[in-house]
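Asker:
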């Protein structure tokens, strides 16, 4: 008696599941590996970049703009985007914000360090006071025992 195999009643379902996945054939792993390799090759072409060009931009990819090129675009009245001066102004503004953030953070860290040092000094003083009080308590207890 042959082993029972699950039969698909729907032709659409039988097309969506490959015969290799449904069968228990010995070539299953090899065929699946070939199919998956073909799928990987389609997805990953060696000549095309893996990430989208809008996400990965290098400085060598950026067009070189000369001052004559910017004056020509303004003279013709076409606006292909922000001018070099606008881009530089935006970059300068962004760098100023970063510098301000860094200096603010540095000042806060310095204040935090000073506060921490003051706290450590106070803790050290409190320890000395506690030790002195412990000695005083110890002396008082000895006096009470003697009396």
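Residue numbers (UniProt numbering): 1 to 147. The beta-carbon is built from N, C-alpha and C at its ideal position, and this holds for glycine as well. Since the model is a prediction, treat every value here as computed from it, not as a measurement.
What are the boundary residues of the alpha helix (DSSP H) that includes residue 83?
Answerer: Position 83 of the chain shown holds residue 83. That residue, residue 83, is in no alpha helix (DSSP H); it is neither H nor E in DSSP.
Asker: With DSSP as the reference, label residue 112 as helix, strand or coil.
Answerer: Within the chain shown, numbered from 1, the residue matching residue 112 stands at position 112. Helix, per DSSP.
Asker: Hey, would you say the C-beta of residue 86 is under 7 Å away from at least one heavy atom of the ligand HEM?
Answerer: The ligand HEM is not among the ligands present in this structure, which contains no ligands whatsoever.
Asker: Roughly how many whole angstroms lie between the Cα atoms of residue 105 and residue 117?
Answerer: As a position in the chain shown, residue 105 is number 105, starting the count at 1. As a position in the chain shown, residue 117 is number 117, starting the count at 1. Those two C-alpha atoms are separated by around 18 Å.
Asker: Run through DSSP, which three-state label would residue 103 get?
Answerer: Taking the chain shown and counting its residues from 1, the one referred to as residue 103 is at position 103. Here residue 103 sits in helix by DSSP.
Asker: What is the DSSP secondary structure of residue 93, counted as helix, strand or coil?
Answerer: To locate residue 93, count along the chain shown from 1; it is residue 93. In the structure shown, residue 93 sits in a helix (DSSP, three-state: H, G or I).
Asker: Using the C-alpha atoms, what's the distance from residue 91 back to residue 103?
Answerer: Indexing the chain shown from 1 puts residue 103 at position 103. Indexing the chain shown from 1 puts residue 91 at position 91. Between residue 103 and residue 91, the C-alpha separation is close to 18 Å.
Asker: Nearest-angstrom Cα distance between residue 146 and residue 107?
Answerer: As a working note, residue 146 is residue 146 in the chain shown. As a working note, residue 107 is residue 107 in the chain shown. The straight-line gap from Cα to Cα measures roughly 59 Å.
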